[in-house]
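Student: Under the UniProt record's numbering, the first residue of the sequence shown is numbered 1, with each subsequent residue one higher. Quick one: this structure, given as structure tokens, is what I'll be asking you about.
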Amino acid sequence: MLVLLVTLTLTLAGGYVTYDSHVDGAETVTEQQTVGTWTVESGFEHGATVSRDTEVFSAGERLSNRSLYFTTASPELDGTYTVSHDNTEGNAAVTSTNLSLVIRAVEERNGNQVVHWQTRDSLDTLDAVEIADGEAATTTVSVDIPTILNRTEAIQNDLRAAPGQTEVLLVADTTVESSIDGETFTDTRTDRIEIVPGRSVYRVSTTTAGETPYDATEQVTRTIEPTRLELYGGPVLCVFGLFCMAFLGTARWRGWLAVTDRERVRNEFERARNDFDEWISTARIPDADDRTPVPTDSLVDLVDIAIDSDRRVLEDGDQYAVLVDSEIYTYTAPPTVDPLASPSTRDTEPTVEDREGATASLSSLLFTDSTDNADVTHPDENEPSDSNDG
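Here's what the structure looks like:
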């Protein structure tokens, strides 16, 4: 049944592939294809110039992109903002940027940021600046840290409170616009420098939007031709499946797949041998002596006798026996069957003479030694003793 299902599946699969490749033919599909890409990138760089000589820094020395600066040595921080773009069609972009200084007091509450107060001052503006493909627009602003500290203290004194933590931000709000294949794209982003001011040192970090790509797409239609495997493999698979099904039908009709009586008997014996393995011991079957041989019809019957009499079944090749008092119960295993033999040969049952011969062979095995011993004649049993010898 399993083989039939497999061949049926192969036939159906081959038929489907054959129909799909030869009848339906080429397949037309519609896909989205990228015709151009526009990429926008922005970023901040920062630095400070040392204003006086110290033991570790010289006046005029430039410090760049550090996480910490010294307020008394380099009080003024410069922030340089850059916007660039790349267009696969070579089109220019137009950008507008507003740079501002934000000072505020913030506090975290229940996972949310609360702004207690805030000031915003515009530092510089880029209005509708055109940027050629592959080029960049740059602007630089400066903030004085001591001035920011003084202003913060003035606000706190005016409010007579200093809630939260003071933040100083250089914020760049930017809009960039360009086109690809007649389609216009607009990029809006906010980048910033974060400053934590102090009388001795101030710390600096940046948060930027990074690189953002925009793809212009269009719908395209293309034809997918059947592959060689589909064109030729499908029919071959279908024919092979039909051939296998025809072969299975012929084999069933001729009886090649039928289980013969000899095979069934042998299979039943092998199953019983495996099931009752714990009751069987491999050993030489002893001579019958005065025991009466009792043949059994199956190994199951022999095992039942062994269980009822609390004995073990002895296995000697194809011969099995159970010794119980004055009886010896016997069984001869059926012969093995060659699965490659012809059905007529596999179905040939052993004749009555064959079975009797098998039983006789076991009886011969059991009684040969004892019979031979009985037939031995001692010389002085048949010859009268000579009373005159002496």
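C-beta: ideal position from N, C-alpha, C; glycine also.
(1) So, Glu270 versus Val337, is the Cβ gap smaller than 8 Å?
(2) Under three-state DSSP, which class holds Arg102?
(3) Work out the CA separation of Gly134 and Thr88 for me, nearest whole Å.
(4) Hey, Ile193 and Phe44: beta-carbon distance below 8 Å or not?
(5) Comparing the C-beta of Arg264 with each C-beta of chain B, is any distance below 8 Å?
(6) Nearest to Arg199 by CA position, among Arg52, Ser74, Asp325, is which residue?
(7) Pro163 to Asn150, Cα distance in whole Å?
(8) Can you have a look at Ser84 and say buried or exposed, based on whether 16 or more other CB atoms are within 10 angstroms of its CB?
(9) Excluding sequence positions up to five away, which residues of its chain have a Cβ less than 8 Å from the Cβ of Tyr214?
(10) At 4 residues or longer, and completely inside the stretch 137 to 224: list those alpha helix (DSSP H) runs for me, N to C.
(11) In this structure, does DSSP put Arg262 in helix, strand or coil?
(12) Could you check if Pro335 is buried or exposed, using at least 16 other CB atoms within 10 Å of its CB as the buried criterion?
(13) Go ahead and pull the three-state DSSP assignment for Asn267.
(14) Please determine if the stretch 94 to 113 and the stretch 236 to 251 are in contact, where contact requires at least 3 C-beta pairs separated by less than 8 Å.
(15) Smallest Cα separation from Thr139: which of Thr174, Leu169, Gln113?
(16) So for Gly60, helix, strand or coil by DSSP?
(17) Out of curiosity, what's the CA-to-CA distance linking Ser67 and Thr208?
(18) Using the Cα positions of Ala132 and Glu218, report the straight-line distance between them to the nearest angstrom.
(19) Looking at the structure shown, is Ile305 part of a helix, part of a strand, or coil, going by DSSP?
(20) Could you say if the stretch 279 to 289 and the stretch 307 to 315 meet the contact criterion of at least three C-beta pairs nearer than 8 Å?
(21) Quick one: Cα of Val114 to Cα of Asp144, how far?
(22) Taking the alpha-carbon positions, what's the Tyr16 to Thr34 distance?
Tutor: So, to answer that:
(1) For Glu270 and Val337, no; Cβs fall outside 8 Å.
(2) One detail in the question is off: residue 102 reads as Val in this sequence, not Arg. Strand, per DSSP.
(3) 10 Å
(4) yes
(5) Note that chain B does not occur in the displayed structure, where there is just one protein chain.
(6) Ser74
(7) 17 Å
(8) buried
(9) Thr37, Trp38, Thr39, Val40, Ile180, Phe185, Asp187
(10) As far as the stretch 137 to 224 is concerned, its whole alpha helix (DSSP H) runs of at least 4 residues are 145 to 159.
(11) helix
(12) exposed
(13) helix
(14) no
(15) Thr174
(16) Reduced to three states, the DSSP call for Gly60 is coil.
(17) 16 Å
(18) 25 Å
(19) In the structure shown, Ile305 sits in a helix (DSSP, three-state: H, G or I).
(20) With the cut-off at 8 Å, the stretch 279 to 289 and the stretch 307 to 315 touch.
(21) 26 Å
(22) 34 Å
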